[in-house]
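Residue numbers (the working numbering): 877 to 1016.
And the structure:
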């Protein structure tokens, strides 16, 4: 979502992740997850509501609109792809992979992410193992 700042993407992703289980998220839970103050959450929620990505009753739950659900899923998907790539392909620790995925999810374009996903799928695939076995390489 190019119209959102990195920070707003983080808030939307947190709302999407928390809302997955309960349908809607509470502002205090979003703040706790992101380790930010309640006024920061309220400011971000106003900005997301102005863009039509969430609906929030005054002092109520934060519910994503259909556009917000789609955008939140896309952001969370980027994060998940990157974290998986960093842990399973680059063998980073889960903590380091989480931190780096959080930063990289905002910086990489769709094509780079698509290609990283394709590379990860290939490197994990039986086809790779067959190629390595045929070439005499050790298969991991």
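Even for Gly, the Cβ is constructed at its ideal location relative to N, Cα and C.
Quick caveat: nothing in here was measured; it's all calculated off a predicted structure.
- The DSSP-derived three-state label of residue 940 is strand.
- For residue 935 against residue 906, the beta-carbon gap comes to about 14 Å, at or over 8 Å, which does not count as contact.
- Annotated as proximal: residue 959 and residue 977, with beta-carbon spacing under 9 Å.
- For residue 930, the pairing in a beta bridge is given by DSSP as 940.
- With a cut-off of 8 Å on Cβ pairs, the stretch 958-973 is not in contact with the stretch 894-909, counting fewer than three such pairs.
- Restricting attention to 938, 916, 996, the CA atom closest to the CA of residue 893 is found in 938.
- Residue 940 is positioned such that its CB atom lies no closer than 9 Å to that of residue 993.
- Residue 888: member of the alpha helix (DSSP H) spanning 882-898, first to last residue.
- Under DSSP, residue 1003 takes part in no beta bridge, so it has no partner.
- Short of 6 Å from the beta carbon of residue 973, and not among the five residues preceding or following it, lie these beta carbons of its own chain, in chain order: 959, 962, 963.
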